[in-house]
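Presented below is the structure to which this report refers.
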Amino acid sequence: MNKAIIGKKLGMTQIFSADGKVIPVTVVEAGPCPVVQIKTKERDGYEAIKVGFGKVNEKVLNKPEAGQFKKAGVEPQRVLKEFKLDDLSAYTVGQSITVDVFAEGEKVDVVGYTKGHGFSGVIKRWNQHKLMATHGVGPVHREVGSMGANSSPSRVFKNKHMPGQYGNERVTIQNLEVVKVDTARNVLLIKGAIPGPKGGIVTVTNTVK
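Number 169 in my numbering belongs to position 169 of the sequence shown; there are no gaps in the numbering.
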């Protein structure tokens, strides 16, 4: 990839194309993202840029966190992420990455964390059906069901659909289209849905063909 930016999901809406068709879009407040550090192969073993997003009061940072922002000469940021780009020569410490790095019609990949649903049963987590609500079934209508054979292999197979943590996992949606770039408001309108709740942090990168 050769371009990337950090943003915040504001929600979904719809706009109309020139021929009157409705386009569902997700509104993402993207940037400005100051470059906090440029990592080099000689010093760090790999090449990447570290960028921030979302201004924050310096009081909530510890000394090491605040020190890197002072060294870079940028305001403290709430979120820090690294991007391994193909070419780092166009970036300098203190430079701001804004939404105008993307263009309308461009294909992007969006990474975010899905909504967390906590500890969930198999019906909510895996879309399994309930047991029959008939005489003799007992109060087990939402349970998992059979665990498999008993004497052999005497264990539950791995990856069996069971109750557990549902959601709050890293998900990438690829090949989404940038419908509009609003430089005045630092907003990207991306066609379709992206992972995460309103206010969730996402990263937007160009799609690598």
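Glycine included, every Cβ here is placed at the ideal spot set by N, Cα and C.
Quick check on the burial criterion: 16 or more other C-beta atoms within 10 angstroms. Buried or exposed for Val60? exposed
Quick one: is Thr26 buried, meaning 16 or more other Cβ sit within 10 Å of its Cβ, or exposed? buried
I need the DSSP call for Asp44, collapsed to helix, strand or coil. helix
Arg170, DSSP secondary structure in three states: strand
Excluding sequence positions up to five away, which residues of its chain have a Cβ less than 6 Å from the Cβ of His117? Tyr166 and Gly167
Whether or not the region 27-34 and the region 96-105 are in contact is what I'm after, with contact meaning three or more pairs of Cβ atoms, one per stretch, closer than 8 Å; do they touch? yes
Buried or exposed for Gln174, please, with buried defined as at least 16 other CB atoms from any protein chain shown within 10 angstroms of its CB. exposed
Provide the residue span of the alpha helix (DSSP H) that contains Lys124, from first to last. Val122 to Trp126
Going straight from the alpha carbon of Phe119 to that of Arg125, what length do you get? 9 Å
In the DSSP assignment, the beta strand (DSSP E) including Pro24 goes from what residue to what residue? Val22 to Ala30
For the region 43-88, which segments carrying the beta strand (DSSP E) assignment without a break, of at least 3 residues, lie completely within its bounds, in sequence order? 48-55 and 77-83
Alpha carbon of Glu169 to alpha carbon of Val202, nearest angstrom: 13 Å
For Val108 and Val204, which I take to be in contact (beta-carbon distance under 8 Å), what is that distance rounded to the nearest angstrom? 5 Å
Among Ala133, Met162, Lys84 and Val56, which one has its Cα closest to the Cα of Gly148? Met162
Opening and closing residue of the beta strand (DSSP E) in which Ala4 lies: Ala4 to Phe16
Backbone secondary structure at Val36 - three-state DSSP: strand
With a cut-off of 8 Å on the beta carbons, I'd call Asn206 and Glu29 a contact; round off their distance for me. Going by Cβ atoms, the distance from Asn206 to Glu29 rounds to 19 Å, so no, they are not a contact pair.
Which word fits Ile15, buried or exposed, when buried means at least 16 other C-beta atoms lie within 10 angstroms of its C-beta? exposed
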